[in-house]
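Each residue of the sequence shown is one higher than the one before, counting from 1 in UniProt numbering.
Read through the structure below, which is laid out as structure tokens, and then see the notes.
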Amino acid sequence: MAEAQASTIQAQGALLKTQAKTKAYVSPGVSLIAGGVAGGVEAMCTYPFEFAKTRMQLRHTPSTSAVGTGPSATKITRNPLILIRDIVRTEGLSALYTGCTTLVVGTAFKASVRFLTFDSIKNALADEKGHLSKGSGILAGMMAGCVESVVAVTPTERIKTALIDDAKGPKRFRSTTHGIQLLIREQGLRSIYQGLIPTTMKQSATSAVRMGSYNMLKESAKHYHIPLNGVTTFGIGSVAGIITVYATQPFDTIKTRVQGTQKATIREAVGDVLREAGVKGFWKGSTMRLGRLFLSGGIVFSVYEQVAAVLSTKDVL
1 MAEAQASTIQ AQGALLKTQA KTKAYVSPGV SLIAGGVAGG VEAMCTYPFE
51 FAKTRMQLRH TPSTSAVGTG PSATKITRNP LILIRDIVRT EGLSALYTGC
101 TTLVVGTAFK ASVRFLTFDS IKNALADEKG HLSKGSGILA GMMAGCVESV
151 VAVTPTERIK TALIDDAKGP KRFRSTTHGI QLLIREQGLR SIYQGLIPTT
201 MKQSATSAVR MGSYNMLKES AKHYHIPLNG VTTFGIGSVA GIITVYATQP
251 FDTIKTRVQG TQKATIREAV GDVLREAGVK GFWKGSTMRL GRLFLSGGIV
301 FSVYEQVAAV LSTKDVL
């Protein structure tokens, strides 16, 4: 009997240690797979908002801004739902997913890189209970954004922006592959990394705010004993997305201008925005981005947490 009790106590102790380890440590394999799945699902669900936001940012003057070409062209509105409706009417439903394949693959890849980097840094900086301080969360997010920008974001964003910009007029790119080939042939391989600096600035700021605010909100929920189920995680992720939009929109606007088919330096992009719309022009497209990041914040974090929980529970990685 004594041996049985000792065995039971030992087993329970091992279980508690395993659970503590699961809470405090996320394996690289789990981060990579869960991040990739979350990124792919997020991109598919929110791409129309991304398309509308990019289309609006690429217009150059309000008086000539239009959706489509010819006499039936429709002036671009600031309402994302109306803009999406007008694009469908003038260009068809498929137009909303121009460049989508690139973004889905790219988003899955960059989400894998982001969560892998963030979780790796979190594992190193967190305490024995897996808790991360506010400063450490922001630092981990910023570093994850820098790595993500260089490895994945800049190339995919450059290609996506060029495809959407090309779709405004007579199309030169027959497909995503053709667009990439034409960009490299005409401007060289370095053109794929056009806008690296503004993209890295935007991505490091976005990741620092997004991951940092999500981590802080998540820790607050734990402190007040709020259950971290799918609904709670979606809500926390959505709030983190809203905070991210307004904190980082200027970086996104400059990055989009630099990566358009009409090449521009950072200084030229800043000058163009100020000349056309003043300081408020740096927040052009924030409404479009708000709709996307509200949804994507909820989707990517809730999907990531669910997939990571399943993989960790089954101990497959």
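Even for Gly, the Cβ is constructed at its ideal location relative to N, Cα and C.
These numbers were taken from a predicted model, which means no experiment stands behind them.
Can you give me the start and stop residues for the alpha helix (DSSP H) that residue i sits inside?
i: T154; result: 154-166
i: A108; result: 100-125
i: H131; result: Unbroken run through H131: none, as it is neither H nor E.
i: K53; result: 28-57
i: Q259; result: Here Q259 belongs to no alpha helix (DSSP H), and DSSP marks it neither H nor E.
i: L182; result: 176-187
i: T265; result: Note, T265: premise wrong, no alpha helix (DSSP H); not H, not E.
Assuming residue i and residue j are in contact, meaning their beta carbons sit under 8 Å apart, how far apart are those beta carbons, in whole angstroms?
i: L274; j: V239; result: That pair is no contact at about 31 Å.
i: P155; j: I192; result: 5 Å
i: G179; j: D166; result: 7 Å
i: C45; j: I299; result: 6 Å
i: G40; j: T98; result: Incorrect: roughly 18 Å between the Cβ atoms, too far for contact.
i: F51; j: L96; result: 5 Å
i: S302; j: T199; result: Incorrect: roughly 26 Å between the Cβ atoms, too far for contact.
i: N215; j: L132; result: 6 Å
i: A308; j: A34; result: 4 Å
i: S112; j: G36; result: 4 Å
i: M201; j: F251; result: 5 Å
i: V245; j: L295; result: Actually they do not touch by this definition, with Cβ atoms about 12 Å apart.
Does residue i come out as helix, strand or coil in the three-state DSSP assignment?
i: I197; result: helix
i: P250; result: helix
i: Y214; result: helix
i: G235; result: helix
i: F294; result: helix
i: T313; result: helix
i: I299; result: helix
i: T74; result: Any reading at T74 must be qualified, since the residue scores a pLDDT of 45, below 50, and its modelled position is unreliable; the value itself is stated next. Strand, per DSSP.
i: P170; result: coil
i: K284; result: coil
i: I226; result: coil
i: Y97; result: helix
Could you tell me whether the region 203-210 touches the region 121-141, where touching means 3 or more Cβ pairs closer than 8 Å?
Yes: at least three Cβ pairs fall under 8 Å.
I'd like to know if the region 227-237 and the region 277-287 are in contact, where contact means that at least 3 CB-CB pairs between them fall below 8 Å.
No, the region 227-237 does not touch the region 277-287.
Kindly confirm or deny that the region 111-124 and the region 157-174 touch, where touching means at least three C-beta pairs closer than 8 Å.
Pairwise C-beta distances place the region 111-124 out of contact with the region 157-174, as fewer than three of them are shorter than 8 Å.
Are three or more beta carbon pairs between the region 255-269 and the region 47-58 nearer than 8 Å?
They touch, by the three-pair rule.
Decide yes or no for the touch test of the region 119-128 against the region 84-93: beta carbon pairs closer than 8 Å, at least 3 of them.
By the Cβ rule, the region 119-128 does not count as touching the region 84-93, because fewer than three pairs are nearer than 8 Å.
Spell out a yes or no on whether the region 194-205 and the region 78-88 are touching, meaning 3 or more CB-CB pairs, one atom from each, closer than 8 Å.
Segment contact: the region 194-205 against the region 78-88, fewer than three CB-CB distances shorter than 8 Å; contact not assigned.
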